[in-house]
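Below is one structure; the comments refer to it alone.
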Amino acid sequence: QERCTTPIHGVSCDLLNGLWYPTVVSIGPVLDNSLQCAPDARFSPQLFDLRRLKSLTFYACFPATNPTAIPATNWDKLSGTLETLEFRSNPGLAGAIPASLGRLASLQSLVLVDNNLTGAVPPELGGLAKLRRLVLSGNGLSGPVPATLGNNNRLDEPLLIVDMSKNSLTGSLPPSLGGLKGLLKMDLSNNRLDGRIPPELAGLESLTLLDLRNNSLTGGLPEFVLGMPALQDLLLSSNPLLGGTLMPHGWEKMASLASLDLSNVGLAGAIPESMAAMPRLRFLALDHNRLSGAVPAKLAALPSIGAMYLNGNNLTGVLEFSARFYRRMGSRFASWDNPGLCAAETAGGAPTGVAVCKDAHDPPRVGVRDRVDGAGGKPEASSSLPTSSSPFGLSGRKVAGLWCLAMVMVL
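Using the UniProt record's numbering, read the sequence shown as starting at 1 and increasing by one per residue.
Below is the structure:
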């Protein structure tokens, strides 16, 4: 029945018009007092009779041995009240995301994480005017990123988080995403996206995280990122066709940037000295590219730097960093596999895989015997968008590979 009578684990009730009604239902081992799932759990039509329901969560309810689809109908019965809908860690939750979820007019948070959902992302989700968090990561979704998501651009209730990582999405990024003026985090990593990064994304003036790693993007590093002062994490690694060069000027505008991961993106040209002007940069990865020329000595003076990876390029000349810098960084500094690079003799030693210069004017080439295969391997920089923190998953952000820095510096 719709009204609350006796207490039930996993069900919270609110007093409305003198009567108690269920407003929060959590099914699965979400909390100690949550409702437990039956081994052969199925969706009951009575679920949609809870007309005052605000939050509905299914966690680890549908194992792979119990394949189940999200109901395609009846969601309109909850359109006036349901604000949060979550399906997390359900390997048996299969099939498509129903387009009818786009009728949940009150929905603020849609989290469908680590399930077995397939098919396209319904363009109807772009009609959810109150949506603030959209997390669809860890499924088998395919097709394009819906251009309609750019419609969620209300200034009073903006879309804050878009996470469609770890799927099989294809096509190019829709320019309409640049209309999401209030967006804080965009994670489309680990998909099959291609094409250029659209210049319209320059309109994401509130963005703190842009994670597009492990795709097939092209067109070079967009210069407009230098005009995004709120950006804290720019993660584009493993887009080997991206190409281009590092902008020679303007890095000082990125006063908030803490993590810059541009490894394995096909970069060529020099490392600009102006990259040393980012006061909050903690993680810099430029490894496995085609960068050439000298390593700017000023990079060692980055006030917050805790990890720097320059290995696997064509850098040449003398590393002018100090022995103190090498000691402080340890394995979090890598510059091996740059055959024309050597370390200044005044440094009192050289980092792993780099020879000490015998003659600063004619640095020797480093042979294979001087390199250390796999030594000090770089931890992959990654984003982690929370899926159940409050409010709307905005509290908490990590960059994997930076956890070790917490031991030596205040984050």
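Here a beta-carbon is modelled for each residue, glycine too, at the ideal position from N, C-alpha and C.
Residue i - partner residues in DSSP beta bridges
i	result
D187	D163, D211
I27	L35, F58
V356	A343
W20	L15
R154	None; R154 has no bridge partner.
N115	N90
D261	L235, A285
T148	BP columns for T148 are empty, so no partner.
F333	M308
N314	S292
Closest Cα partner of residue i within the set the options
i	options	result
L56	V111, G95, A276, A64	V111
N191	L217, L242, G18	L217
T316	F62, S322, R327, A355	A355
I305	S322, A297, P279	P279
L231	S237, M186, G330, R154	M186
G244	L310, G266, F58, K253	G266
W75	F43, L226, G95, K378	F43
L104	F48, Q36, A270, L302	F48
A334	A307, S322, S238, R324	A307
C342	P146, S79, D40, K358	K358
G219	G340, P240, R88	P240
G18	C4, P29, E205, I8	C4
A94	L85, N215, D114	D114
L221	I197, G171, E86	I197
L302	D40, G340, M275	M275
R332	G171, H9, R282, A38	R282
E86	S109, T352, P146	S109
C37	W20, H9, P45, L16	H9
V295	M329, L257, N338, G330	N338
W336	A297, L242, P22, G312	G312
G182	R133, K253, D14, L242	R133
S137	A323, L204, R328, D211	D211
Integer Cβ distance of residue i from residue j, believed to fall under 8 Å
i	j	result
G127	T148	7 Å
P91	A69	Rounded, the Cβ-Cβ distance is 13 Å, inconsistent with contact.
S263	H288	5 Å
L173	L141	That belief does not hold up - the Cβ atoms of L173 and L141 are roughly 15 Å apart, past 8 Å.
L184	L207	6 Å
L107	E83	6 Å
L177	G150	5 Å
T73	A96	Contact flag wrong, Cβ pair sits at about 13 Å.
M164	L188	6 Å
I27	F58	5 Å
L35	T81	Between T81 and L35 the Cβ distance is about 19 Å, and since that is not below 8 Å, they are no contact.
R213	D261	7 Å
Y326	K378	About 16 Å separates the two Cβ atoms, so there is no contact after all.
Beta carbon of residue i nearer than 8 Å to that of residue j
i	j	result
L291	N314	yes
L209	D233	yes
P71	P98	yes
L159	N152	yes
A350	E320	no
L246	P272	yes
L125	L101	yes
V135	I161	yes
W251	A277	yes
G227	A202	yes
A129	R154	yes
V30	S12	no
A268	G293	no
F224	P248	no
P39	N66	yes
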